[in-house]
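The structure appears below as structure tokens.
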Amino acid sequence: MNIEPYIAQLLYRYQCVTVPGFGAFLTEIQSAQLIESSNSFFPPKKLISFNSYLKNNDGLLANHIAQSEKTSYEYAVSAIQYEVFLWKKALQENGLFAIKNVGNFSLNADKNLIFTPNDQTNYLTNSFGLSAFVSPLVKRELFEQKIEAIAEKDVIDFIPERRKTSAYLKYAAVFVLGLGLAGSIGYPLYQNQITTQTILVETAVQKQVQNKIQQATFFIENPIPAVTLTVKEEKLSYHIMAGAFRKEANAQKIFETLSNQGYKARRIAQNKYGLFPVLYGSYATFAEAEKAKKVIQKTDNPDAWVLVESL
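If you're matching positions, the sequence shown starts at 264 in this note's numbering and goes up one per residue.
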């Protein structure tokens, strides 16, 4: 599941959106700005910043995902954990990654996390429909001079010329008016006649079809008895994550090792980050997966966690 759109949706409504295990996005309202040097105007907007120390789960993002996807809260928490895992993996291998419409993350020389917000999206709802623009400089002195020059010009009187209307134009107008009245009366009568003929034809066709149906008789010899099939398929939607690997050969090696150790290991198709995930196993209920996870954390992998997803 991609949680990036849900982060952007919450930034419109709240001042703080926390991603559990990663950090929090904070917003601050900035007033409208005017840059006189370039005659540029900017509407009010929300400035986005990031705090990597606010990692505790406040339930806001998980509840929003659960309601939007119509799924459980546990599934939403698992989806957030998996997405954060992929983000950290991308930072370790590539040194950067981006959250659409929110901003970019990168690591500096000291391996510190740097956040660069996206200025293309304005999350202040009160500024909806407003955009930045550049206004040309208004030269007021020249405009006033033009008005004065126009006022000084002489006023030209306009005297319309009277023309005699020919008599034949009056008769032509009367003739056109008569044609209009005749058309307004005759056209509805013509339309009514066409409608009547259409209804008669449709009625005749329907009678012929009904007669054909009444004359037809259908017989089915030796009908096949109805067969009822009952298929019961158990869905395994809870999985214990062993890891995700950049090289498919490494993922296959871990898969074979876990299988030899007695686990019902599985491999998942390559995800959008180019990683190949490997699972310890899959379970039908969250309770079974949670119980198995605790055993695996004590005996084999302390970083194992539960992924909730229909595979």
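Built from N, CA and C at the ideal position, the CB exists for glycine as well.
Keep in mind it's a predicted model, so treat the numbers as computed, not measured.
For residue i, which option in the options has the closest C-alpha, if you only look at C-alpha atoms?
i	options	result
Ala505	Lys498, Lys556, Ile328	Lys556
Glu511	Tyr543, Ile503, Ala532, Leu289	Ala532
Pro270	Lys363, Trp350, Pro307, Asn314	Checking the sequence, you will find Ile at residue 270 rather than Pro. Checked all of Lys363, Trp350, Pro307, Asn314; the closest Cα to Ile270 is Lys363.
Thr281	Ser315, Asn371, Leu297	Ser315
Asn381	Ala507, Asp373, Asn367	Asn367
Lys527	Phe539, Ile328, Lys535, Ala552	Ala552
Lys313	Gly286, Gln296, Leu297, Met264	Note that residue 313 corresponds to Phe in the displayed sequence, not to Lys. Here the closest residue by C-alpha is Gly286.
Leu310	Leu387, Lys535, Gln524	Leu387
Ser500	Lys535, Thr548, Ala507	Thr548
Val241	Ser335, Leu273, Gln344, Ala567	The shown model of the chain, from 264 to 574, leaves out residue 241, and the question about it has no answer.
Pro540	Ala507, Lys516, Arg529, Lys554	Ala507
Leu354	Gln344, Ala325, Leu370, Glu346	Leu370
Tyr345	Lys498, Thr562, Gln560, Asn265	Asn265
Ile517	Gln383, Cys279, Asn320, Asp563	Asp563
Asn375	Ala325, Gly358, Ala339	Gly358
Given a threshold of 16 other Cβ atoms within 10 Å of its Cβ, counted over all protein chains shown, does residue i qualify as buried or as exposed?
i	result
Ser573	exposed
Glu519	exposed
Val397	exposed
Thr480	At Thr480 the pLDDT is 49, less than 50, meaning the model places this residue with poor confidence and gives no usable figure here.
Thr290	buried
Leu542	buried
Leu521	buried
Leu538	buried
Ile328	buried
Tyr336	exposed
Ala550	exposed
Ala295	exposed
Ile241	Residue 241 lies beyond the residue range present for the chain, which begins at 264 and ends at 574; the question has no answer from this structure.
Ala372	exposed
Contact defined as beta carbons within less than 8 Å: I believe residue i pairs with residue j. What is the distance between those atoms, to the nearest angstrom?
i	j	result
Tyr275	Leu323	In fact, because the Cβ distance is near 13 Å, the residues do not count as touching under 8 Å.
Gly284	Lys318	6 Å
Val558	Ser341	Val558 to Ser341, Cβ: 19 Å. No contact.
Arg530	Ala514	6 Å
Tyr536	Lys351	Their Cβ separation, rounded to whole angstroms, is 11 Å, which puts Tyr536 and Lys351 out of contact at 8 Å.
State the beta-bridge partners of residue i as determined by DSSP.
i	result
Gly506	Val541
Ser303	Ile298, Val397
Ile312	In the sequence as displayed, the identity of residue 312 is Ser instead of Ile. Looking at the DSSP assignment, Ser312 forms a beta bridge with Leu289.
Ile362	Gly366
Can you list, in chain order, the residues of its chain with a C-beta nearer than 7 Å to that of residue i? Leave out the 5 residues immediately preceding and following it.
i	result
Glu356	Arg509
Pro268	none
Gln524	none
Pro565	none
Only counting the same chain, and skipping five residues up and downstream in sequence, which positions put a Cβ closer than 6 Å to that of residue i?
i	result
Asn385	Lys308
Val494	Residue placement at Val494 cannot be trusted, given a pLDDT of 49 that sits under 50; what the coordinates show is reported in the next sentence. Within the same chain, Val494 has no close Cβ partners at all.
His502	Leu542, Ser545, Leu570
Thr379	Gly366, Asn367
Tyr338	Val571
Which residues in the same chain as residue i place their Cβ atom closer than 8 Å to its Cβ, once the five residues preceding and following it in sequence are excluded?
i	result
Phe482	Bear in mind that the predicted position of Phe482 carries a pLDDT of just 49, short of 50, making it unreliable; the figure below should be weighed with that in mind. Answer for Phe482: no residue qualifies.
Ala361	Asn367, Phe368
Gln293	Pro307, Lys308, Lys309, Leu310
Ala567	Ile503, Met504, Ala505, Tyr543, Lys556, Ile559, Gln560
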